[in-house]
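**Student:** Numbering-wise, this note's numbering comes out as the position in the sequence shown, counting from 1, plus 340. Even for Gly, the Cβ is constructed at its ideal location relative to N, Cα and C.
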Amino acid sequence: MGGLKETFYISHGSPTLSIDDSLPAHPFLLSFRQKVFSEKPNCILVISAHWETSEPTVNVINGPNDTIHDFYNFPKPMYQLKYPAPGAPELAKKVKKQLEEAGFKRVHEDKKRGLDHGAWVPLMLMYPEADIPVCQLSVQTNMDATHHYNLGRALAPLKKEGVLIFGSGSATHNLRTMQGTNDAVASWALEFDKWLKESLLTGRYEDVNHYEEKAPFAKLAHPRPDHFYPLHVAIGAAGENAKAELIHDSWTNYTLSYASYKFSEAM
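(1) Which two residues bound the contiguous alpha helix (DSSP H) that contains Lys436?
(2) Under the three-state reduction of DSSP, which class applies to Glu580: helix, strand or coil?
(3) Roughly how many whole angstroms lie between the Cα atoms of Met464 and Gly443?
(4) Quick one: give me the first and last residue of the alpha helix (DSSP H) that Leu369 is part of.
(5) Below 8 Å on the Cβ atoms is my guess for Pro404 versus Pro426; work out the distance and round it to an integer in Å.
(6) For Ser539, report the span of its alpha helix (DSSP H) as first-last.
(7) I'd like the list of long-range same chain contacts for Glu585, defined as Cβ closer than 6 Å, with 5 residues on each side in sequence excluded.
(8) Spatial neighbours of His346 within its chain, please: C-beta separation below 7 Å, excluding the five flanking residues on both sides.
(9) Excluding the 5 residues preceding and the 5 following Tyr569 in the sequence, name in chain order all residues of the same chain whose CB lies nearer than 6 Å to its CB.
(10) Kindly give me the distance between the Cβ atoms of Leu357 and Leu363, rounded to whole angstroms, as I take these residues to be in contact under 8 Å.
(11) For the beta strand (DSSP E) that Val474 lies in, which residues bound it at each end?
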């Protein structure tokens, strides 16, 4: 297949998304290939909220990726799930080269780390056969959103080689404010989510890069930036003047948004 023109930001919410089909995001991800993106990528590059390093790092895995169960006190079946997608060592080396050529001076290789739940939870629904090679790139929570946008910009040429680039996080992510599963949503969470949607759909990406100053309730929506920075990578990788589209929108637990976006290259 030829090049791709899209990147994605997927809100993965709770790890139970993998087995709980009552969560609206579960059937959405199951239908991803039919309704959202029918092309089969050659490789997948995931930027997951659950891999934080001080400098950009890629996992260089020969053979199948290990499935990392990086969560606690969840139902036992969750710990038996496996997603043994092949590693993508050649892609990992290309990611490193692209970043270094773009001026990121230190880019590291991790030759042991498999896929964390930010990667395998959405992937096991999107691509259940686990037959597409997958590589991960870490986030740097000691850096800002513009750093992550620039990471994405450096990675944009990989799309031409059929690489699907997607960020995996949550449009809102404050675990301390979460409540039971009733249908109510906190007003501040709705306000932040609405600001994000309007900013993305009107192409105000610079505002999203400076969300801490621009967005209402930014610190409440993201006390830490780990689940938001994958979005900035996806925007950067989509290229100049990319068009955003909201591809899914749902809530659970009072303050957890599953809003997910597609970014398409400017024509």
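**Tutor:** If we stick to the structure as given:
(1) Under the DSSP assignment, Lys436 falls in the alpha helix (DSSP H) whose first and last residues are 429-441.
(2) Here DSSP, grouped into helix, strand and coil, assigns Glu580 to coil.
(3) About 34 Å.
(4) Note, Leu369: alpha helix (DSSP H), 365-370.
(5) Contact flag correct, Cβ pair sits at about 6 Å.
(6) Run containing Ser539: 527-541, per the alpha helix (DSSP H) assignment.
(7) For Glu585, where only same-chain residues beyond five positions count, the Cβ hits under 6 Å are Lys602.
(8) A small correction: the amino acid at residue 346 is Glu; His does not occupy that position in the sequence shown. Take Glu346, set aside five residues on each side of it, and the residues of its chain with a beta-carbon closer than 7 Å to its own are Phe377, Lys602, Phe603, Ser604, in chain order.
(9) For Tyr569, where only same-chain residues beyond five positions count, the Cβ hits under 6 Å are Val479, His488.
(10) By a beta-carbon distance limit of 8 Å, Leu357 contacts Leu363. Their separation comes to about 6 Å.
(11) For Val474, the enclosing beta strand (DSSP E) has its first and last residue at 474-479.
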